[in-house]
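Chemist: For the working numbering, add 1449 to where a residue sits in the sequence shown, where the first one is 1. Backbone N, C-alpha and C define an ideal beta-carbon position, used for all residues, glycine too. Just so you know, these numbers come straight off a predicted model, no measurement behind them. Input: one structure, supplied below.
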Amino acid sequence: MACSRRARRALSFFLSMVAASSLLLPQGVHAQGTGTGPLEITLVGQPVWREPHQPLNIKVSISNPGAEAVTGFGLRVGVYSRARSRSALHENFDAAPGNELEAFSRPYPDQVLDPGESKTFVIDDEVETLGTPTLSSDGGVYPLTLTVYDLRSGDFLDWVTTSLIYYPADPDVRLHLVTIVPINDTPSMGPDGTFTVPSPASPALEDAALPDGWLSGEIQA
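And the structure:
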C-alpha cells in the first residue's frame, strides 16, 4: 500500500508538471468560450500553482465589444474533478459551464462597462472556496471555468477554461525530471554593448521575469 500511495503521489506530481509546462505556452493555455452575450471574458494571468489557504489570485478582463453600455454582471468560478490524463483535461476545455462539481459566484451589480471598455478583476478567494481540491489529499490538476453571466437572467455570456494546479503538501517522492522551457525573444543589445528596453514597448521576457511572471514562478518551482 505504501508503494502504491507513493506511486500515485509521483504520478500526480508528474501530471502537475506537465500541466504547468502547458501553462507556459502562448497557445493552448486555455479554452475560450463561444458565448454570444454582450460581454467577453479573457484570462489575464494566474499563479503556476496554489497551496492550501492561498488566494486563487486569478486575473480576468471583462470587455464590452458592443455599441451600448452594460450595467451589472456576475463572475462565476467552477471547478471540475481532478484531471487524470491530458485528454481528460482537454475534454473539460471543450465543455460549456454549468456541469462543474463545485462553483461560486461574485456579483457586480453596480459595475458599468461602456462600449469598447474593459476592466480587470482579481478573483482572490482562497482555494478552499472551491471545495473540491481540498477533498484530495494527493492534489493534482483541476480544470477551472471562469464565466461572466447576466445577473437578471442568469444566462452565461462568455467563459474561459484554464487549469488549477493544487498542491496540498510537498510530494513524498519527487520524479527525476527537469522541465525545459525554450525562451525566445528579440535581442535588445545596443551598439554600445548594453541591453536596453525599446520604448515604449516592453520585451515579453522582461515581463516574465517580474515577481509575478511565469518565468519567476517556474524558477521558484
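In three-state DSSP terms, what is Ser1510?
Modeler: strand
Chemist: Closest to Phe1522 by C-alpha separation, out of Pro1660, Thr1581 and Phe1570, would be which residue?
Modeler: Phe1570
Chemist: Could you give the DSSP three-state label for Leu1579: helix, strand or coil?
Modeler: Three-state DSSP puts Leu1579 in a helix.
Chemist: Quick one: give me the first and last residue of the beta strand (DSSP E) that Arg1525 is part of.
Modeler: Val1519 to Val1528
Chemist: Leaving out the 5 sequence neighbours to the left and right, which residues in its chain are closer than 8 Å to Ser1530 when beta-carbon positions are compared?
Modeler: Leu1550, Thr1581 and Tyr1591
Chemist: Within a Cβ cutoff of 7 Å, which residues of the same chain sit near Pro1564, ignoring the five residues on either side of it in sequence?
Modeler: Here the set comprises Asn1513, Gly1515, Ala1516, Glu1517 and Ala1518.
Chemist: Going by Cα to Cα distance, which pick from Pro1501, Ser1510 and Ser1612 is closest to Leu1488?
Modeler: Ser1510
Chemist: Give every residue of the same chain whose Cβ lies closer than 7 Å to the Cβ of Asp1573, excluding the five residues on either side of it in the sequence, and list them in chain order.
Modeler: Excluding five sequence positions before and after Asp1573, the CB atoms of its chain that fall closer than 7 Å to its own CB belong to Pro1504, Leu1505 and Asn1506, given in chain order.
Chemist: From this set, Val1528, Arg1555, Leu1562 and His1502, which residue's C-alpha is nearest Leu1613's C-alpha?
Modeler: Leu1613 has its Cα closest to that of Val1528, out of Val1528, Arg1555, Leu1562 and His1502.
Chemist: Within the 9 Å Cβ cut-off, does Pro1660 reach chain C?
Modeler: This model lacks chain C altogether; it includes just one protein chain.
Chemist: Please report how far the alpha carbon of Thr1596 lies from the alpha carbon of Gly1486, in whole angstroms.
Modeler: 11 Å
Chemist: DSSP on Leu1550, reduced to helix/strand/coil?
Modeler: coil
Chemist: Using the C-alpha atoms, what's the distance from Tyr1615 back to Thr1520?
Modeler: One C-alpha to the other measures close to 35 Å.
Chemist: The alpha helix (DSSP H) with Leu1505 in it runs from where to where?
Modeler: It is not in any alpha helix (DSSP H) - Leu1505 carries neither H nor E in the DSSP assignment.
Chemist: Look at Gln1495 and Thr1611 and say whether their C-beta atoms are less than 9 Å apart.
Modeler: yes
Chemist: Are the beta-carbon atoms belonging to Ala1552 and Val1526 less than 9 Å from one another?
Modeler: yes
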